[in-house]
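S.K.: Once you've had a glance at the structure underneath, I'll fire off some questions.
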Amino acid sequence: MSLVVDQLSLHYGQLRALEKISVQAKAGRITALIGPNAAGKSTLLKCIVGGLRPTAGCVLIDDRPAHRLSAATLARRIAYVPQRSVVSAAFTVREVVELGRYALPQSRARVDDALGRLDLIDVADRPFPSLSVGQQQRVTLARAVAQLSEDGHLLTDEPTSAMDLKHVRQSLQLLRRLADGGATVLIAIHDLARAVMISDETWLLAGARLVAAGETRKVMDLKRLESVFGVRFEWIERPGKTPILHAC
Amino acid sequence: MQPALRRGLGLSALGLLAIMVMWLRYLIDRDPHGAAVSLAPPPPGVALFRLTAIAVAVIAGSSLAISGVLLQALLRNPLASPFILGISAGAGLGVMIAISLTYDADAVARPASSSHGPAALLGALAVLGIVYLLGQRRGWLDPVSLVLVGVIVSAICGALIMLLHHLGPTTGLMQGKITRWMMGRIPEYPEPITLIAAGGLAVVGGAAGMVMGRAMDAATLSDDEARSVGLALGRLRVGLFILAGALTAGAVALCGPIGFVGLIAPHAARLLVGPRHTLLVPAAALVGIVIMVGADAGRQAIELGAGRLPIGVLTALIGGPAFIWLLRTGRGQA
Numbered sequence: 001m002s003l004v005v006d007q008l009s010l011h012y013g014q015l016r017a018l019e020k021i022s023v024q025a026k027a028g029r030i031t032a033l034i035g036p037n038a039a040g041k042s043t044l045l046k047c048i049v050g051g052l053r054p055t056a057g058c059v060l061i062d063d064r065p066a067h068r069l070s071a072a073t074l075a076r077r078i079a080y081v082p083q084r085s086v087v088s089a090a091f092t093v094r095e096v097v098e099l100g101r102y103a104l105p106q107s108r109a110r111v112d113d114a115l116g117r118l119d120l121i122d123v124a125d126r127p128f129p130s131l132s133v134g135q136q137q138r139v140t141l142a143r144a145v146a147q148l149s150e151d152g153h154l155l156t157d158e159p160t161s162a163m164d165l166k167h168v169r170q171s172l173q174l175l176r177r178l179a180d181g182g183a184t185v186l187i188a189i190h191d192l193a194r195a196v197m198i199s200d201e202t203w204l205l206a207g208a209r210l211v212a213a214g215e216t217r218k219v220m221d222l223k224r225l226e227s228v229f230g231v232r233f234e235w236i237e238r239p240g241k242t243p244i245l246h247a248c
Numbered sequence: 001m002q003p004a005l006r007r008g009l010g011l012s013a014l015g016l017l018a019i020m021v022m023w024l025r026y027l028i029d030r031d032p033h034g035a036a037v038s039l040a041p042p043p044p045g046v047a048l049f050r051l052t053a054i055a056v057a058v059i060a061g062s063s064l065a066i067s068g069v070l071l072q073a074l075l076r077n078p079l080a081s082p083f084i085l086g087i088s089a090g091a092g093l094g095v096m097i098a099i100s101l102t103y104d105a106d107a108v109a110r111p112a113s114s115s116h117g118p119a120a121l122l123g124a125l126a127v128l129g130i131v132y133l134l135g136q137r138r139g140w141l142d143p144v145s146l147v148l149v150g151v152i153v154s155a156i157c158g159a160l161i162m163l164l165h166h167l168g169p170t171t172g173l174m175q176g177k178i179t180r181w182m183m184g185r186i187p188e189y190p191e192p193i194t195l196i197a198a199g200g201l202a203v204v205g206g207a208a209g210m211v212m213g214r215a216m217d218a219a220t221l222s223d224d225e226a227r228s229v230g231l232a233l234g235r236l237r238v239g240l241f242i243l244a245g246a247l248t249a250g251a252v253a254l255c256g257p258i259g260f261v262g263l264i265a266p267h268a269a270r271l272l273v274g275p276r277h278t279l280l281v282p283a284a285a286l287v288g289i290v291i292m293v294g295a296d297a298g299r300q301a302i303e304l305g306a307g308r309l310p311i312g313v314l315t316a317l318i319g320g321p322a323f324i325w326l327l328r329t330g331r332g333q334a
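In structure tokens:
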């Protein structure tokens, strides 16, 4: 099961949103997608999920071009969590999570499981618009969890940016369990320290181009980060634990 | 109370209310020489006219309401309606052109002549095509652009209708009939083919709307999310657009352009059965029936000294404030 981005470019007239991106996400690994604002992180995710049409190049899902797959086929392989979900109807939390099963056989067990994993059982019958932004992010993640197959691809765009610390930790642990179970997890994230903590691999984007991709510690080269973000970084080593990346 | 039970009760209550309103319309009568209103079964000669008027109101009310549900789901916009998007005005312009081209003394004797149905459909679909093409940005249908284009096209169609009215035959009979048609009316003797075609469209539209209910639920998500859960959004939008246009055309061919039913009925139905479209489509159709048949019954009882009120005036007077109430109380979510 693979997710390959092959020479992908997206131009809006003279504006280059993505330029010849070629990279591959691995099953069973969490890949962090990092870069400064307007680097192209969200745009790349939207191209992969089929929401934007690339100007050139393509995305291969399990060796098949994504643009030739029907929406239903794509939904069986990819689940997507945007930065901020839009639900323009007063559906309950449970109904929003059930939408994850739209192209799949309905499964109350999968929906209940997703609600439980994201700590949403108590608010399952509340209207989605009445929740806080952080709670809405958990609902959106639960929808993707209800949709995702064991060896599927989960694309997330800042999925925990508005969550409280307890639920950030809970959600990231869930992403780790999904990856350990065989899923490919891609997470666009601004918090580099958190990216180091959770990811196995990292894609670094800047100015619409892929600057580096590979093992997180190798990509997070301090000089490279400084040149891309314009900020100095240092590693704080912790014996027996993952070191902390600190912005000076 | 369980949500499913509450929704089932809501739908049942609406069905009961629709039957009661239809029964009221069948019984209600006003003394033509005075203001006295009576409730009694009509004589056999009158009963057929009453039943026909009820059928017209049922078809037009349900068609406009279902069309409103489809458009609001399609555009993720609680203000979307056949009226706002210019579909009613386009259908009306089609009918107006047909009237202008086919005018003769006989044709104006029948408020819903046989040429009105196809003309309304052509007008509605032409406007839909224009709004659809102009409402796109970068190859995708943009809900905001679509509403703005719809409002502008609606205004242009309205101006063309008035222009044709101004240039048209000047006999008092013709002008009076066109004016009343423009305000919306419930004919008691429509052309049978128009009635049957519009009725068929209402049934097909209602059934198709219920079948597409889950897809419309998914379409309430953003474009990217809707596609990511497996919805073929482009195909759904084309289907909903054509269906909404055909339903509106049927209603306009029968009754003329009638505002607010397609806007208010979906909101009122949501209060009773919630936002799921499989249930919302039949519920909104029932609310549309209650509004149209109820307004028709109401205008039998109102005497202002100038004949029966045009139904479009009554639906706007009821629907407008009701919609403002929905907006002010925050109950008018899509």
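Going line by line, the protein sequences match chains Y and S.
Under the working numbering, residues 1 to 248 are what the first sequence spells out, in order.
Under the working numbering, residues 1 to 334 are what the second sequence spells out, in order.
The beta-carbon is built from N, C-alpha and C at its ideal position, and this holds for glycine as well.
Predicted model, so just to flag it, every value in this text is computed and none were measured.
1) Threshold first: 3 residues or longer. Then list the beta strand (DSSP E) segments lying entirely within the region 110-185 of chain Y, N to C.
2) Taking only runs that begin and end inside the region 28-92 of chain Y, name each unbroken beta strand (DSSP E) of 3 or more residues, in chain order.
3) Grab me the residues of glutamine 147 of chain Y's own chain with a C-beta within less than 6 angstroms of its C-beta, minus the 5 sequence neighbours each way, in chain order.
4) Quick one: what's got a C-beta closer than 6 angstroms to proline 266 of chain S's C-beta in the same chain, skipping five residues either side?
5) Answer with buried or exposed for proline 44 of chain S, where buried requires no fewer than 16 other C-beta atoms within 10 angstroms of its C-beta.
6) Note down the Cα distance separating threonine 376 of chain S from arginine 84 of chain Y, rounded to an integer number of angstroms.
7) Would you check if the distance between the CB atom of alanine 253 of chain S and the CB atom of isoleucine 28 of chain S is smaller than 8 angstroms?
8) Helix, strand or coil: how does DSSP classify histidine 190 of chain Y here?
9) Taking Cβ positions only, does leucine 271 of chain S come closer than 8 angstroms to chain Y?
10) When the cut-off is 8 angstroms and only beta carbons count, does proline 266 of chain S lie next to chain Y?
11) At what residues does the alpha helix (DSSP H) containing phenylalanine 241 of chain S begin and finish?
12) Could you give the distance in angstroms between the alpha-carbon of leucine 93 of chain S and the alpha-carbon of valine 131 of chain S?
13) Pick from Y:Glu237, Y:Val23, Y:Ser130: whose alpha carbon is nearest that of glutamate 215 of chain Y?
14) Could you spell out where the alpha helix (DSSP H) holding tyrosine 26 of chain S opens and where it closes?
15) I'd like to check one pair, alanine 32 of chain Y with threonine 202 of chain Y: are the Cβ atoms closer than 8 angstroms?
16) Please return the same chain residues whose Cβ sits closer than 6 angstroms to the Cβ of arginine 164 of chain S, not counting the five positions on each side in sequence.
17) With distances taken between CB atoms, is the gap from leucine 74 of chain S to leucine 240 of chain S smaller than 8 angstroms?
18) How many angstroms separate the CA atom of valine 37 of chain S from the CA atom of alanine 295 of chain S?
19) Please check if any C-beta of chain Y sits within less than 8 angstroms of the C-beta of proline 111 of chain S.
20) In terms of residues, what are the limits of the beta strand (DSSP E) holding alanine 103 of chain Y?
21) Would you say lysine 41 of chain Y lies against chain S (beta-carbon separation less than 8 angstroms)?
22) For isoleucine 78 of chain Y, which residues in chain S fall below 8 angstroms Cβ to Cβ?
23) Helix, strand or coil for glycine 214 of chain Y per DSSP?
24) In chain S, which residues lie less than 8 angstroms from leucine 99 of chain Y when you measure between Cβ atoms?
25) What residue range does the alpha helix (DSSP H) around phenylalanine 229 of chain Y cover?
26) Residue range of the beta strand (DSSP E) that leucine 309 of chain S falls in?
27) Given this structure, state the Cα-to-Cα distance separating leucine 245 of chain Y from proline 54 of chain Y, to the nearest angstrom.
28) Against chain A, does proline 192 of chain S count as a neighbour if the rule is that its beta carbon must be under 8 angstroms from one of theirs?
29) What in chain S is Cβ-close to glycine 152 of chain Y, meaning under 9 angstroms?
30) Classify phenylalanine 49 of chain S as helix, strand or coil using the three-state DSSP reduction.
31) Using the Cα positions of isoleucine 345 of chain S and alanine 57 of chain S, report the straight-line distance between them to the nearest angstrom.
32) With glutamine 14 of chain Y as the anchor, note down where its beta strand (DSSP E) starts and where it stops.
33) When you compare the region 95-111 of chain Y with the region 65-76 of chain Y, are there three or more beta-carbon pairs, one atom per stretch, that lie closer than 8 angstroms?
34) Enumerate, from N- to C-terminal direction, the unbroken alpha helix (DSSP H) stretches of 4 or more residues contained entirely within the region 34-96 of chain S.
35) Look at the alpha carbon of threonine 329 of chain S and the alpha carbon of alanine 89 of chain Y, and state the distance between them as a whole number of angstroms.
36) For the pair the region 144-163 of chain Y and the region 185-196 of chain Y, tell me if three or more CB-CB distances fall below 8 angstroms.
M.R.: Walking through what the data contain:
1) Taking only runs of at least 3 residues, the beta strand (DSSP E) segments lying wholly in the region 110-185 of chain Y are 153-157.
2) The region 28-92 of chain Y contains these whole beta strand (DSSP E) runs: 30-34, 56-61, 78-81.
3) Closer than 6 angstroms at Cβ, skipping near neighbours: Ala79, Gly100.
4) So the list reads Gly68, Val69, Gln72, Ala284, once near-sequence residues are dropped.
5) Answer is exposed; the Cβ neighbour count stays below 16.
6) For chain S, the structure presents residues 1 to 334; residue 376 of chain S sits outside this window and is missing.
7) Contact flag unset, no.
8) DSSP places histidine 190 of chain Y in coil when its eight states are reduced to three.
9) False, the Cβ-Cβ gap to chain Y never drops below 8 angstroms.
10) So no, proline 266 of chain S is outside the interface.
11) Where phenylalanine 241 of chain S is concerned, the enclosing alpha helix (DSSP H) stretches over 233-255.
12) C-alpha separation (whole angstroms): 15 angstroms.
13) Comparing Cα positions, the closest option is Y:Val23.
14) From DSSP, the alpha helix (DSSP H) with tyrosine 26 of chain S extends over 3-27.
15) Yes, they are a contact pair.
16) In the sequence as displayed, the identity of residue 164 of chain S is leucine instead of arginine. Here the set comprises Met96, Ser100.
17) Taking C-beta atoms as the reference points, leucine 74 of chain S and leucine 240 of chain S count as a pair closer than 8 angstroms.
18) Rounded to whole angstroms, valine 37 of chain S to alanine 295 of chain S spans 15 angstroms at the Cα level.
19) Low confidence applies to proline 111 of chain S: its pLDDT is 48, below 50, so where it sits in the model is not reliable, and the reading given next is rough at best. Taking Cβ atoms only, chain Y never reaches closer than 8 angstroms to proline 111 of chain S, which makes this a no.
20) For alanine 103 of chain Y, no beta strand (DSSP E) run applies, since DSSP gives it neither H nor E.
21) Not closer than 8 angstroms to any Cβ of chain S, the Cβ of lysine 41 of chain Y fails to qualify, so no.
22) Per Cβ cutoff of 8 angstroms: Ser228.
23) DSSP, reduced to helix, strand and coil, places glycine 214 of chain Y within a strand of the structure shown.
24) Chain order gives the chain S residues near leucine 99 of chain Y as Asp217, Ala218, Leu221, Val229, where near means a beta carbon separation below 8 angstroms.
25) If you look at phenylalanine 229 of chain Y, you'll find it in the alpha helix (DSSP H) that goes 222-229.
26) Note, leucine 309 of chain S: premise wrong, no beta strand (DSSP E); not H, not E.
27) Approximately 34 angstroms between the Cα atoms of the pair.
28) Absence of chain A from the displayed structure is noted, the protein chains being Y and S.
29) For the C-beta of glycine 152 of chain Y, not a single chain S residue is nearer than 9 angstroms; the gap to the nearest is close to 12 angstroms.
30) Phenylalanine 49 of chain S carries a helical assignment under DSSP once its states are collapsed to helix, strand and coil.
31) Residue coverage of chain S in this structure runs from 1 to 334, which leaves residue 345 of chain S outside it and unanswerable.
32) For glutamine 14 of chain Y, there is no enclosing beta strand (DSSP E), as DSSP gives it neither H nor E.
33) Touching, yes.
34) Those alpha helix (DSSP H) runs which fall completely within the region 34-96 of chain S and span 4+ residues are 44-75.
35) Their backbone Cα atoms lie some 16 angstroms apart in a straight line.
36) Three or more Cβ pairs drawn from the region 144-163 of chain Y and the region 185-196 of chain Y lie within less than 8 angstroms of each other, which places the two stretches in contact.
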